[in-house]
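The next block holds one structure in the form of structure tokens; read it before the comments.
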Amino acid sequence: MAISIVGVDLSKTVFQLSLADAKHHVVDRKRLSRAQFHRFLAQTEPV
Numbered sequence: 113m114a115i116s117i118v119g120v121d122l123s124k125t126v127f128q129l130s131l132a133d134a135k136h137h138v139v140d141r142k143r144l145s146r147a148q149f150h151r152f153l154a155q156t157e158p159v
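Residues 113 to 159 (the numbering used here) make up the sequence shown, in order.
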């Protein structure tokens, strides 16, 4: 299933992501460090 929405909650040390599909159903949640967040964005295909 394709991710069409990425919600990002910023804090001092981590980024919490909510990944949703086109129907706004949450598909996955992630808690990433700054380096992991950069890698996630670099590897994610634009929609």
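For each residue, glycine too, the CB sits at the ideal point set by N, CA and C.
Open item on the list: Does Ala-132 come out as helix, strand or coil in the three-state DSSP assignment?
Closed with: strand
Open item on the list: What does the Cβ neighbour count give for Leu-129, buried or exposed, with the cut at 16 atoms within 10 Å?
Closed with: buried
Task: Extent of the continuous alpha helix (DSSP H) to which Ala-147 belongs - done: 146-155
Task: Alpha-carbon to alpha-carbon, Phe-127 and Ser-116 - done: 18 Å
Open item on the list: Helix, strand or coil, according to DSSP, for Val-159 in the structure here?
Closed with: coil
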